[in-house]
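Data block below; observations after.
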Amino acid sequence: NVWLDCQYHDLEHRSIKKPDEVENDMKDPIINYDIKILDRIQGSIIGMALGDALGAHVEFRPREYLRQHPVEDLIGGGTWGLNKGQFTDDTSMALCLANSLIARRDFLPYDQLVRYKWWHLNGYMSSTGQCFDIGAATSDSLHEFTRRQKEFAEKNSIPLDKIDYLSDENLLKTFNVMCSEEGVAGNGALMRLAPVPLFFYKYPNEAVEYSGFSGQITHGDKKAYDACRYYGALIVATLQGETKDKLLDNDFYSKHINWFNNKPLHSDIINIAQGSYKKERGYDDGIRGKGYIVSALEAALWAFWSDQDSFKIGVLAAVNLGDDTDTTAAIYGQLAGAYYGYKNLPQQWIEQIYAKKYLETLSKWIAYQGQIWKPINISLNLSTEYNHPIIEDSTDKSIKDSHSIIKLNHISNIITLPQSNFIISLDNETSDKSQSNIYNKLSFKNTTNNKSTIQSDRTELLIDKTSDKKQEKIIIPSSFSHQSTSNYWSTYKYTDQTDNLVTWSVDNVCQWIESLGKNYYIYIDAFRKDYIDGFRLFTFINQYILTQYGITNQEHQRNILDGLQQLKQNHMSVRWSSRKV
Numbered sequence: 001n002v003w004l005d006c007q008y009h010d011l012e013h014r015s016i017k018k019p020d021e022v023e024n025d026m027k028d029p030i031i032n033y034d035i036k037i038l039d040r041i042q043g044s045i046i047g048m049a050l051g052d053a054l055g056a057h058v059e060f061r062p063r064e065y066l067r068q069h070p071v072e073d074l075i076g077g078g079t080w081g082l083n084k085g086q087f088t089d090d091t092s093m094a095l096c097l098a099n100s101l102i103a104r105r106d107f108l109p110y111d112q113l114v115r116y117k118w119w120h121l122n123g124y125m126s127s128t129g130q131c132f133d134i135g136a137a138t139s140d141s142l143h144e145f146t147r148r149q150k151e152f153a154e155k156n157s158i159p160l161d162k163i164d165y166l167s168d169e170n171l172l173k174t175f176n177v178m179c180s181e182e183g184v185a186g187n188g189a190l191m192r193l194a195p196v197p198l199f200f201y202k203y204p205n206e207a208v209e210y211s212g213f214s215g216q217i218t219h220g221d222k223k224a225y226d227a228c229r230y231y232g233a234l235i236v237a238t239l240q241g242e243t244k245d246k247l248l249d250n251d252f253y254s255k256h257i258n259w260f261n262n263k264p265l266h267s268d269i270i271n272i273a274q275g276s277y278k279k280e281r282g283y284d285d286g287i288r289g290k291g292y293i294v295s296a297l298e299a300a301l302w303a304f305w306s307d308q309d310s311f312k313i314g315v316l317a318a319v320n321l322g323d324d325t326d327t328t329a330a331i332y333g334q335l336a337g338a339y340y341g342y343k344n345l346p347q348q349w350i351e352q353i354y355a356k357k358y359l360e361t362l363s364k365w366i367a368y369q370g371q372i373w374k375p376i377n378i379s380l381n382l383s384t385e386y387n388h389p390i391i392e393d394s395t396d397k398s399i400k401d402s403h404s405i406i407k408l409n410h411i412s413n414i415i416t417l418p419q420s421n422f423i424i425s426l427d428n429e430t431s432d433k434s435q436s437n438i439y440n441k442l443s444f445k446n447t448t449n450n451k452s453t454i455q456s457d458r459t460e461l462l463i464d465k466t467s468d469k470k471q472e473k474i475i476i477p478s479s480f481s482h483q484s485t486s487n488y489w490s491t492y493k494y495t496d497q498t499d500n501l502v503t504w505s506v507d508n509v510c511q512w513i514e515s516l517g518k519n520y521y522i523y524i525d526a527f528r529k530d531y532i533d534g535f536r537l538f539t540f541i542n543q544y545i546l547t548q549y550g551i552t553n554q555e556h557q558r559n560i561l562d563g564l565q566q567l568k569q570n571h572m573s574v575r576w577s578s579r580k581v
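This is the structure in structure tokens:
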């Protein structure tokens with residue numbers, strides 16, 4: 001899925017491709033997700049983008065101006081000179097976050113920060129191809145992240161042009177991703193939140209905790225952390241089918257206290273959870289669409305509470321509060337869009353939203369990958385006190401300081417490829433697209449037959465395709481082990497997709513290249529020198545890059561690319577029913 005990463009119009013990487021320029025490269029995942037859930041996910045993602053786009057042209061306008069000139073429709077121009085339907089930083093950062101969850105199939109804050117940096121420096125996921133409207137807190141945190149990356153690269157002898165693709169768990173767990181100063185409580189943490197609860201909604205404890213952490217890496221105040229946890233819980237409850245009355249119940253928090261790992265919310269967020277936003281006169285009663293996260297949360301919930309069960313009424317009310325118009329409306333759109341669903345959003349606006357196909361397809365991948373992801377052996381013992389958690393390098397994967405501890409009891413997350421015999425049978429699944437082998441689901445069955453041979457440097461697994469009975473070989477390094485890069489952060493992982501190419505080390509990749517034949521050994525140095533691990537192999541290697549590495553033999557290029565395509569197919573579809581942990 002090359003669309004997940006930076007794509008450029010030129011070899012010099014001076015002109016980045018915008019979302020609407022890569023959306024035609026996107027393919028739908030296999031259809032084995034809940035259509036009703038997809039409707040809510042698409043509603044949330046596109047509802048957020050609509051709110052952002054509706055408020056963009058009047059961003060920073062005061063309430064008095066909007067009393068006289070209320071926003072009633074999508075309009076271009078204004079503050080940023082955007083075309084009708086284009087979005088700002090709110091949606092761009094949410095897309096960065098969503099792409100990270102999909103690409104890494106897990107919650108990996110380091111990768112999230114990398115993508116935010118790409119947006120900041122290169123315009124990745126921007127509707128204009130350039131970063132604009134970035135908040136001061138986010139900018140400061142990303143500058144700090146870049147500084148830490150440079151120090152980290154020098155300390156660990158990693159080339160600077162490879163540091164963004166770091167996937168070694170032993171290195172990642174030593175990188176401090178908390179890049180914000182303490183006391184930072186802007187609404188930038190909340191405006192991008194939606195992908196996290198949408199992705200992890202099946203597991204409310206993890207969804208709520210990750211929601212908080214997703215904001216905390218750039219906004220370090222407890223109010224920002226808890227605002228994201230509370231709003232994430234509301235989105236999770238929406239996807240789980242709770243009614244609007246239950247969502248807006250003043251006792252929602254106490255009734256879902258187990259979702260919050262029994263950690264109390266900040267008193268300002270508790271006040272909102274208990275209904276402080278339920279003010280009939282809205283602005284005249286103190287509701288404000290400001291950049292402070294507490295005000296933004298209260299304003300978005302006021303718009304949802306008072307919208308008369310109409311997304312259009314609610315999102316326009318959020319915009320017309322004035323001030324940070326796009327962000328207030330984007331936050332409203334995340335929850336209201338999830339609640340009302342994609343089918344109930346204003347159709348005329350949907351047709352005008354920028355990069356509609358990108359947003360629709362991205363939502364499908366969130367639904368697909370989210371239903372696959374599973375936690376393993378979870379134990380969250382969380383304190384009632386809060387401070388900036390710092391990740392320590394310890395066996396227990398503790399995140400702690402003198403006032404708080406988040407202890408994630410560790411069970412090894414390393415799965416070694418079994419050295420027993422397997423038959424891999426492919427069961428075809430239907431797709432709304434034309435059939436492709438990439439959508440075949442692999443199921444591994446233990447067998448006593450001698451259907452695989454183990455050689456000194458590789459394991460050969462025979463594929464028995466039930467569709468045509470043709471046998472093919474997959475070559476996988478026998479020393480390969482599944483090492484989730486999320487270990488430094490938690491003990492969660494997707495356990496039913498263990499053939500995870502993106503977690504291969506550089507050594508694994510070099511071993512795979514060598515397994516293609518003795519004539520390929522000469523290429524290993526180029527892969528090692530350029531620090532090509534599994535993630536870079538998955539996202540970076542193509543015919544042009546192979547030529548740059550001195551691989552000009554067309555047969556060798558074809559064999560490498562064909563083998564890589566097979567690995568990608570396995571990465572997308574392998575399910576292990578037998579594994580050694």
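Just so you know, the sequence shown maps onto residues 1 to 581 in the working numbering. Think of the CB as a built atom: it goes at the ideal place given N, C-alpha and C, for glycine as much as any other residue.
Alpha-carbon to alpha-carbon, residue j and residue i
i      : j      : result
ALA233 : HIS266 : 15 Å
ILE350 : PRO375 : 35 Å
GLN543 : LEU11  : 13 Å
ALA299 : ASN24  : 37 Å
GLY78  : LEU537 : 43 Å
ASP5   : LEU561 : 19 Å
GLU360 : MET48  : 12 Å
TRP118 : TYR358 : 18 Å
GLN566 : ALA185 : 46 Å
SER310 : PHE304 : 9 Å
TYR8   : TYR124 : 10 Å
GLY337 : LEU50  : 9 Å
ASN553 : TYR523 : 11 Å
ASP89  : LYS36  : 28 Å
SER582 : SER214 : Nothing can be reported for residue 582, as the shown portion of the chain is limited to 1 through 581.
ASP20  : ALA137 : 28 Å
ALA53  : SER44  : 14 Å
TYR210 : LYS518 : 46 Å
PRO197 : VAL506 : 33 Å
GLY81  : ILE46  : 21 Å
ALA353 : ARG558 : For the record, residue 353 in the displayed sequence is Ile; it is not Ala. Rounded to the nearest angstrom, the two C-alpha atoms are 40 Å apart.
Distance CB(residue i)-CB(residue j) smaller than 8 Å
i      : j      : result
ARG115 : CYS96  : yes
MET178 : GLN216 : yes
PRO70  : ASN258 : no
GLN42  : LEU193 : no
LEU345 : GLU72  : no
ALA273 : VAL236 : no
TYR230 : TYR253 : yes
ASP324 : GLY291 : yes
ILE102 : GLN369 : yes
ILE541 : LEU564 : yes
ILE366 : ALA153 : no
THR238 : LEU248 : no
LEU160 : TYR110 : no
Assigned exposure category for residue i - 16 Cβ within 10 Å defines buried
i      : result
ASN413 : Legend: pLDDT at ASN413 = 29, less than 50; position of this residue unreliable, value from coordinates given subsequently. Buried.
ARG147 : exposed
VAL58  : buried
GLN308 : exposed
HIS120 : buried
GLN455 : Note that GLN455 has pLDDT 34, beneath the 50 cutoff, so the model's placement of it is unreliable and the number below is only indicative. Exposed: under 16 other Cβ atoms inside 10 Å.
ILE476 : Confidence at ILE476 is low in this model, with a pLDDT of 44, below 50, so the placement of that residue is unreliable and no value is reported for it.
GLN149 : buried
SER100 : buried
TYR332 : buried
GLY651 : There is no way to answer for residue 651, as the model of the chain reaches only from 1 to 581.
Distance cut-off 7 Å: residue i Cβ against heavy atoms of the ligand COA
i      : result
ASP530 : The ligand content of the structure shown is nil, which means the ligand COA is not present either.
Candidates the options: closest to residue i by CA position
i      : options                       : result
LYS155 : THR138, HIS143, THR174        : THR174
MET93  : ILE75, GLY76, ASN187          : ASN187
ASN122 : ARG40, HIS13, PHE145          : HIS13
ALA355 : PRO29, VAL22, PHE527          : VAL22
ASP133 : GLN86, ARG288, LYS150, GLU144 : GLN86
GLU64  : SER306, ASP284, GLU514        : ASP284
ILE270 : VAL509, LYS222, SER141        : LYS222
GLN548 : LYS529, PHE535, GLY534        : LYS529
Which residue spans inside the segment 68-112 form an unbroken alpha helix (DSSP H) run of at least 4? 89-104
Every unbroken alpha helix (DSSP H) inside the segment 129-161 [4 residues or more]: 136-155
In chain order, which continuous runs of the beta strand (DSSP E) of length 3 or greater are located wholly inside the segment 247-296? Listed in chain order, there is nothing to give.
Segments assigned alpha helix (DSSP H), at least 4 residues, entirely inside the segment 164-222: Runs found: 169-172, 195-200, 204-216.
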